[in-house]
Amino acid sequence: MNNISAAQAAYLSGLKRHRQRVRGFRLLIFILLVILWELAARTGVLDDFIFSSPVRMYHTFMGMAADGSIFRHTGITLAETLASFFFVVLFSLLLAMALWWNRGLYEILEPYLVVLNSLPKSAMAPVLIVWLGSNPKTIVVTGILIAVFGSILTLTISFQEADPEQIKLIYTLKGSKWDVLRKVLLPRSVPVLISQMKVNIGLCLVGVIIGEFLAADAGLGYLIIYGSQVFKMDWVMMSIVILCVLATALYSCINMLEKQYQKKC
């Protein structure tokens with residue numbers, strides 16, 4: 675702090691206060707929503723049988739936590755989401771590099787990638803069940819299909835928009851195509867990859883839940899669909915809240931990774 679001016683110190687202090695206010699207002703809005711939800715359920719404004727209530731969800735969660743079932747369902751959904759996310763990142767990088775390496779291949783496959791990216795993936799889930807069976811593999815594949823095609827297109831475009839002068843310099847210094855990929859394209863695409871990861875983690879979670887709706891006997895998606903069928907709406911609403919927490923936690927992890935990368939840069 676001794677090396678910065680008074681104006682800079684005031685600016686940083688104001689920025690810190692602004693962030694604290696934002697976090698405070700976010701927390702306040704959340705608390706108010708919970709209170710209003712509970713009051714609406716208790717006064718009959720909302721039918722607590724259909725919409726449940728925070729207190730009822732808390733008791734449901736504690737009951738399922740006692741026998742460990744809620745942790746098992748949450749753990750299964752988290753594991754399937756992380757598995758699909760890992761394969762999305764891996765396949766996206768490998769295929770984007772292959773499409774950049776062979777421009778002709780990209781020109782051939784581009785319309786198919788666009789169509790597959792635009793296709794409603796939920797329509798493919800029943801087909802995947804027929805092909806792969808009703809098992810966790812089907813759920814992971816559904817999560818992959820939701821995110822992978824858009825990620826491939828984004829990374830491929832990022833590779834193709836690299837600075838031509840830098841690429842020309844590599845070739846001038848007798849570098850190979852592999853040197854261009856390793857020293858220019860991959861380093862400059864890290865921010866794009868991280869940004870895409872922030873999108874993909876949510877998409878993978880959506881895909882996993884779709885898969886669990888149709889092909890699971892455990893997981894949060896299974897709890898939602900089963901709870902709605904037997905009118906245990908406390909299960910449904912509790913599972914949706916847990917999914918919100920899970921999505922926020924996963925996004926925050928990617929966000930922390932991005933901040934660590936920015937500090938190193």
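Its first residue numbered 675, the sequence shown is counted upward by one per residue in the working numbering.
Every residue, glycine too, gets a C-beta built ideally from N, C-alpha and C.
In three-state terms, what does DSSP make of methionine 675?
Confidence at methionine 675 is low in this model, with a pLDDT of 45, below 50, so its placement is unreliable and the value that follows should be read with caution. Three-state DSSP puts methionine 675 in coil, outside helix and strand.
Is the region 769 to 780 touching the region 879 to 890, taking contact as three or more C-beta pairs under 8 Å?
No, the region 769 to 780 is not in contact with the region 879 to 890.
Taking 8 Å as the threshold (C-beta atoms), are phenylalanine 833 and leucine 662 in contact?
Residue 662 lies beyond the residue range present for the chain, which begins at 675 and ends at 939; the question has no answer from this structure.
Lysine 906: which of Phe735, His692, Ser825 and Ala821 sits nearest, CA to CA?
The shortest Cα separation from lysine 906 among Phe735, His692, Ser825 and Ala821 belongs to Phe735.
Indicate whether the contact test is met: 3 or more Cβ pairs, each with one atom in the region 866 to 884 and one in the region 751 to 762, closer than 8 Å.
Judged by Cβ distances under 8 Å, the region 866 to 884 makes contact with the region 751 to 762, as three or more pairs qualify.
Quick one: which unbroken alpha helix (DSSP H) runs of 4-plus residues sit fully inside the region 761 to 824? Chain order, please.
777 to 792 and 799 to 806, all fully within the region 761 to 824.
Of the residues Ile916, Thr828 and Val858, which one's Cα is nearest the Cα of glutamate 839?
Among Ile916, Thr828 and Val858, the Cα nearest to that of glutamate 839 is on Val858.
Does the distance from the CB of leucine 829 to the CB of serine 863 come in under 8 Å?
Cβ atoms of leucine 829 and serine 863: closer than 8 Å.
Among residues of its own chain, excluding the 5 on either side of valine 762, which ones have a beta-carbon nearer than 7 Å to its beta-carbon?
The answer, listed in chain order, is Ile818, Ala821, Val822, Ser825, Asn874 and Cys878.
Look at isoleucine 868 and tyrosine 935 and say whether their C-beta atoms are less than 8 Å apart.
It is a contact, given that the beta carbons lie within the stated cut-off.
I'd like to know whether the C-beta atoms of aspartate 908 and arginine 693 end up nearer to each other than 8 Å.
Going by C-beta atoms, aspartate 908 is not nearer than 8 Å to arginine 693.
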